[in-house]
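Visitor: Protein chains in written order, with the UniProt record's numbering: chain H, 1 to 200; chain L, 1 to 200. Ideal Cβ positions, reconstructed from N, Cα and C, are used throughout, including at glycine. Only a predicted model underlies this, so the values are computations on that prediction, with no experimental measurement involved.
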Ligand SMILES: [Zn+2]
Ligand SMILES: [Zn+2]
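1. Please report how far the alpha carbon of residue 166 of chain H lies from the alpha carbon of residue 138 of chain H, in whole angstroms.
2. Counting only beta-carbon separations shorter than 8 angstroms, does residue 84 of chain L have a partner in chain A?
3. Can you give me the start and stop residues for the alpha helix (DSSP H) that residue 77 of chain L sits inside?
4. At the 8 angstroms Cβ level, is residue 113 of chain L part of the contact set with chain H, yes or no?
5. Measuring only the C-alpha atoms, how far is residue 24 of chain H from residue 192 of chain L?
6. So, is residue 68 of chain L buried or exposed, given that buried needs 16 or more other C-beta atoms within 10 angstroms?
7. Please confirm whether any heavy atom of ligand 1 lies closer than 7 angstroms to the CB of residue 72 of chain L.
8. Given this structure, state the Cα-to-Cα distance separating residue 41 of chain L from residue 34 of chain L, to the nearest angstrom.
9. If I measure Cβ to Cβ from residue 7 of chain L and keep anything under 7 angstroms in the same chain, skipping five residues before and after, which residues do I get?
10. If you measure from the beta carbon of residue 66 of chain H to each beta carbon in chain L, is any gap under 8 angstroms?
11. By how many angstroms is the C-alpha of residue 103 of chain L removed from the C-alpha of residue 78 of chain L?
12. Could you tell me if the beta carbon of residue 84 of chain L falls within a distance shorter than 7 angstroms of some heavy atom in ligand 2?
13. Name, going along the chain, the residues of the UniProt domain "Toprim" (81–176) of chain L whose beta-carbon falls closer than 8 angstroms to a beta-carbon of chain H.
14. What are the start and end residues of the alpha helix (DSSP H) that includes residue 49 of chain L?
15. By the criterion of Cβ-Cβ separation under 7 angstroms, what are the contact partners of residue 36 of chain H in chain L?
16. I'd like to know if residue 186 of chain H contacts chain L, where contact means its C-beta is closer than 8 angstroms to some C-beta of that chain.
17. For ligand 1, is there a heavy atom less than 7 angstroms away from the beta-carbon of residue 68 of chain H?
18. Checking the sheet assignment: what are the DSSP bridge partners for residue 118 of chain L?
19. Grab the span of the beta strand (DSSP E) containing residue 131 of chain L for me, first residue to last.
20. Going by C-alpha to C-alpha distance, which of H:121, H:107, H:106 sits closest to residue 113 of chain H?
21. Can you find a CB in chain L that lies within less than 8 angstroms of the CB of residue 32 of chain H?
22. Roughly how many whole angstroms lie between the Cα atoms of residue 62 of chain L and residue 155 of chain L?
23. Specify whether the region 44–62 of chain L and the region 40–55 of chain H touch according to this definition: at least 3 beta carbon pairs, one from each stretch, less than 8 angstroms apart.
24. CB of residue 97 of chain L to nearest heavy atom of ligand 1: below 7 angstroms?
25. Where residue 168 of chain H and residue 57 of chain H are concerned, what is the direct C-alpha to C-alpha distance, given to the nearest angstrom?
26. Opposite residue 184 of chain H in the DSSP bridges: which residues?
27. Would you mind reading off the limits of the beta strand (DSSP E) that contains residue 141 of chain H?
28. Find the nearest neighbour of residue 115 of chain H within the set H:127, H:149, H:106, H:128, judged by alpha-carbon distance.
29. Answer with yes or no whether the minimum CB distance from residue 222 of chain L to chain H is below 8 angstroms.
30. Measure the C-alpha to C-alpha separation of residue 83 of chain H and residue 105 of chain H and round it to an integer number of angstroms.
31. I think residue 87 of chain L touches residue 108 of chain L, with their Cβ atoms under 8 angstroms apart; what is that distance to the nearest whole Å?
In structure tokens:
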């Protein structure tokens with residue numbers, strides 16, 4: 001038993017965080033109460049702001065509290081004519097850290113999964129097709145995860161690109177098959193960018 | 001770079017939690033945004049409440065949002081006449097889980113550390129002495145950590161008890177020397193309670 005209902009509530013609420021069990025939730029609660037109440041208050045404020053204000057970029061679907069995210073807004077990135085398609089927002093961070101890519105992104109927020117009712121529309125492919133038709137991209141780089149679903153999704157998007165006559169490539173070498181893009185180290189990811197192959 | 005300043009703020013704010021580095025803070029932020037916004041909002045609310053309302057129990061100094069905590073208020077615990085002195089609120093939880101102790105606690109919120117300016121007053125020994133003089137305890141059990149500072153603090157409190165003619169004991173067997181009470185398993189802690197020895 002805890003010595004206070006509110007402390008129990010705090011420990012329970014902290015468990016919404018991934019990887020946080022009862023023991024570490026308790027440690028977190030005590031840490032904040034004992035040593036960092038202002039940090040806890042600041043976290044509370046930014047949590048409310050973020051949960052209520054962060055939506056999806058109108059152009060690339062990644063997380064942003066603006067209509068259009070900072071990457072899509074950047075003229076230098078627009079000028080490259082490159083569009084990299086990824087599954088999740090975290091993949092953008094992983095690719096940004098390699099410094100190998102200076103174009104823009106498109107975030108599927110998942111992958112095709114017909115059995116779960118996730119079709120082309122659910123991963124924003126209507127928006128992607130509209131952009132490919134109306135903007136001028138020089139190349140679409142498919143950086144979905146090297147899994148069965150990621151590959152199938154990449155193939156599906158490659159077809160759209162080829163029908164529109166847009167050069168399309170798939171990042172390839174170095175990513176361990178079955179792995180998650182977000183977990184790959186920078187060097188591996190760099191190689192997979194350099195070794196990308198065009199889909200004809 | 002993140003795609004939004006607010007997302008960056010959220011990731012930074014999550015790092016106030018112990019054991020949370022940049023990578024896991026990012027994973028937590030994405031998890032909340034993608035899958036559990038209501039959990040994030042609930043966490044925000046209870047964080048504000050807890051950080052602003054939780055203070056210390058007037059009797060035992062543990063964390064509570066009331067004047068007196070649920071353990072100190074409990075008549076059955078008052079009737080035992082036992083008082084267990086611990087360093088931190090987390091130690092109460094560890095002891096409660098053994099089911100070996102049904103008395104009340106006194107939380108020092110630290111231990112004597114003269115070089116850091118932490119003397120008897122800073123760990124509430126004036127309050128403890130006042131309680132020992134005005135209430136009738138049958139035994140004081142010293143459950144400070146088995147470290148140099150914890151032992152020195154226990155010795156100091158034992159002296160107070162002996163001067164007041166109150167039976168005083170130190171939990172002993174089983175706790176690895178240099179270890180932290182909070183980390184000890186329940187069986188070890190149970191043995192250390194059963195094998196406690198009176199200080200004469
Ligand atoms: Zn965008
Ligand atoms: Zn209390």
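Guide: So, from the listed chains and residues:
1. One C-alpha to the other measures close to 7 angstroms.
2. Of the chains in the structure shown, none is chain A; the protein chains are H and L.
3. Looking at the DSSP string, the run of the alpha helix (DSSP H) that includes residue 77 of chain L is 75–80.
4. No, its Cβ sits nowhere closer than 8 angstroms to a Cβ of chain H.
5. When only Cα atoms are considered, residue 24 of chain H and residue 192 of chain L end up about 24 angstroms apart.
6. Residue 68 of chain L comes out exposed.
7. False, no ligand heavy atom lies under 7 angstroms from that Cβ.
8. Distance between the alpha carbons of residue 41 of chain L and residue 34 of chain L is about 13 angstroms.
9. Closer than 7 angstroms at Cβ, skipping near neighbours: 29.
10. With a threshold of 8 angstroms between beta carbons, residue 66 of chain H makes contact with chain L.
11. Distance between the alpha carbons of residue 78 of chain L and residue 103 of chain L: 7 angstroms.
12. For ligand 2, not one heavy atom lies less than 7 angstroms from the Cβ of residue 84 of chain L.
13. Correct list: 88, 89, 90, 92, 93, 96, 109.
14. Per DSSP, residue 49 of chain L belongs to the alpha helix (DSSP H) from 37–53.
15. When 7 angstroms is used as the limit between beta carbons, residue 36 of chain H is near these residues of chain L: 16, in chain order.
16. Interface with chain L (8 angstroms Cβ-Cβ cutoff): residue 186 of chain H is excluded.
17. Yes, Cβ of residue 68 of chain H sits closer than 7 angstroms to a heavy atom of ligand 1.
18. Checking the DSSP bridge columns, you'll see residue 118 of chain L partnered with L:113.
19. Run containing residue 131 of chain L: none in the beta strand (DSSP E); it sits in the alpha helix (DSSP H), 125–134.
20. Cα-wise, what sits closest to residue 113 of chain H is H:121.
21. Closer than 8 angstroms to some Cβ of chain L, the Cβ of residue 32 of chain H qualifies, so yes.
22. A straight line joining the alpha-carbon of residue 62 of chain L with that of residue 155 of chain L spans about 22 angstroms.
23. The region 44–62 of chain L, when compared against the region 40–55 of chain H, does touch it at the 8 angstroms Cβ threshold.
24. Exclusion of residue 97 of chain L from the 7 angstroms shell around ligand 1 follows from its C-beta lying no nearer than that to any non-hydrogen atom of the ligand.
25. Cα to Cα, residue 168 of chain H sits roughly 23 angstroms from residue 57 of chain H.
26. In the DSSP output, where bridge partners are listed per residue, residue 184 of chain H has none listed.
27. Where residue 141 of chain H is concerned, the enclosing beta strand (DSSP E) stretches over 139–142.
28. Ranking H:127, H:149, H:106, H:128 by Cα distance to residue 115 of chain H puts H:149 first.
29. Nothing in the structure corresponds to residue 222 of chain L, since chain L is present only between 1 and 200.
30. Between residue 83 of chain H and residue 105 of chain H, the C-alpha separation is close to 5 angstroms.
31. Their Cβ separation, rounded to whole angstroms, is 5 angstroms, which keeps residue 87 of chain L and residue 108 of chain L in contact under 8 angstroms.
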